[in-house]
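Written below as structure tokens is the structure these notes are about.
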Amino acid sequence: MKYRIIPCLFLILCVPLKSFAQDMIDLSGLWEVELDTLSEEVFLQTGLSKTTGTINLPGSLAENGFGYKTTGSDYGILTPEYKYIGKAGYIKQIEIPTDWKHKQIEIFLERVLWESRVFMDGIELSKQDALGTPHVHKLGAIAPGKHELRILVDNAMIHNIGDKGHAYGEYTQSIWHGIVGRMELKAKDATSFLRTNIYPDIEKEQIDLKGSITSQIAVSCIIEYKVVSVDSDETVLTGSFLKELKQGENNYEIEIATEGKLEKWSEFNPEVYTLKLGL
1 MKYRIIPCLF
11 LILCVPLKSF
21 AQDMIDLSGL
31 WEVELDTLSE
41 EVFLQTGLSK
51 TTGTINLPGS
61 LAENGFGYKT
71 TGSDYGILTP
81 EYKYIGKAGY
91 IKQIEIPTDW
101 KHKQIEIFLE
111 RVLWESRVFM
121 DGIELSKQDA
131 LGTPHVHKLG
141 AIAPGKHELR
151 ILVDNAMIHN
161 IGDKGHAYGE
171 YTQSIWHGIV
181 GRMELKAKDA
191 TSFLRTNIYP
201 DIEKEQIDLK
211 GSITSQIAVS
221 CIIEYKVVSV
231 DSDETVLTGS
241 FLKELKQGEN
251 NYEIEIATEG
261 KLEKWSEFNP
271 EVYTLKLGL
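Set out below in structure tokens:
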């Protein structure tokens with residue numbers, strides 16, 4: 001049984017949702033890298049460009065010495081030591097654990113400029129593009145064992161937003177290339193929570209939950225909840241609800257009657273509770 005953890009100050013303040021623990025493999029470390037040799041910048045700088053090798057990720061091509069080496073400073077813009085605009089493939093051999101069989105696999109990439117495409121054993125499974133949010137690639141079920149993971153990143157202008165924006169431009173942060181934040185391979189059960197919002201109601205003495213569950217199959221499931229005191233670690237309220245799920249995304253709404261079992265928060269009695277949901 002896995003639980004989604006939701007800390008809240010009962011009936012006074014609802015703290016944002018925290019993710020429940022899940023299977024995860026850290027993808028940071030040594031990767032192979034291949035630059036597109038047909039890139040105009042590489043082609044025009046024949047002999048001055050390092051186009052293949054190994055790279056430590058998270059990181060950028062420039063800080064690892066890939067691209068063509070600049071000489072002097074460009075007028076009016078930031079000038080990194082190495083420049084490269086185009087596609088680059090980042091390749092790593094990975095192993096899917098045996099206990100991940102039938103689970104839904106996703107790749108989480110934080111801070112990618114600008115488009116990322118994920119290939120597993122040469123087959124493209126997902127494409128994402130975003131400048132201000134992580135790229136989350138949903139890959140589906142992958143057989144346990146060894147696989148070749150290839151992430152193709154393109155830092156060219158995917159959408160025409162102009163060249164002077166804060167998120168993409170040589171005037172503010174340079175047009176770097178790479179993956180410079182968290183890199184994680186995650187596994188989720190075939191049925192799992194997507195999101196949950198909590199709404200305490202003082203007058204009715206109840207907690208209203210609204211959220212969604214994703215399921216790969218049509219199935220009946222039981223949603224269990226626990227309310228635990230953060231201070232004493234005592235479980236003060238428990239219960240369960242039956243939910244019929246269809247394949248895909250399913251919305252749910254739950255009313256949890258508290259009936260005086262939870263203390264209201266005050267500066268003199270700052271009682272805090274944790275709400276746990278499980279499938």
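Each residue of the sequence shown is one higher than the one before, counting from 1 in this note's numbering.
Built from N, CA and C at the ideal position, the CB exists for glycine as well.
As the structure is a computational prediction, the values presented were derived from the model and not from experiment.
(request) Could you check the C-alpha separation between K127 and I142 for me, to the nearest Å? (result) 17 Å
(message) Is it buried or exposed, G178, if we count other Cβ atoms within 10 angstroms and call 16 or more buried?
(response) With a 10 Å radius around the Cβ and a threshold of 16 neighbouring Cβ atoms, G178 comes out buried.
(message) Give me, in chain order, the residues of the same chain whose beta-carbon lies closer than 8 Å to that of T238; leave out the 5 immediate sequence neighbours on both sides.
(response) E224, Y225, K226 and V227
(message) Check whether the stretch 116-131 and the stretch 63-82 touch, using three or more Cβ-Cβ pairs below 8 Å as the test.
(response) no
(request) Check whether the stretch 258-269 touches the stretch 231-245, taking contact to mean three or more Cβ pairs, one atom from each stretch, closer than 8 Å. (result) yes
(message) Less than 7 Å between the C-beta atoms of Y273 and S229, yes or no?
(response) In contact: Y273 and S229 (Cβ atoms closer than 7 Å).
(message) For S116, list the residues DSSP reports as bridge partners.
(response) Q128 and V153
(request) Could you please give the first and the last residue of the uninterrupted beta strand (DSSP E) stretch that includes T214? (result) Q206 to S215
(message) If you reduce the DSSP assignment to three classes, tell me which class E267 lands in.
(response) coil
(message) Can you tell me whether A62 is helix, strand or coil according to DSSP?
(response) helix
(request) State buried or exposed for F268, treating a residue as buried only when at least 16 other CB atoms are found within 10 Å of its CB. (result) Looking at its Cβ environment, which holds fewer than 16 other Cβ atoms inside 10 Å, F268 is exposed.
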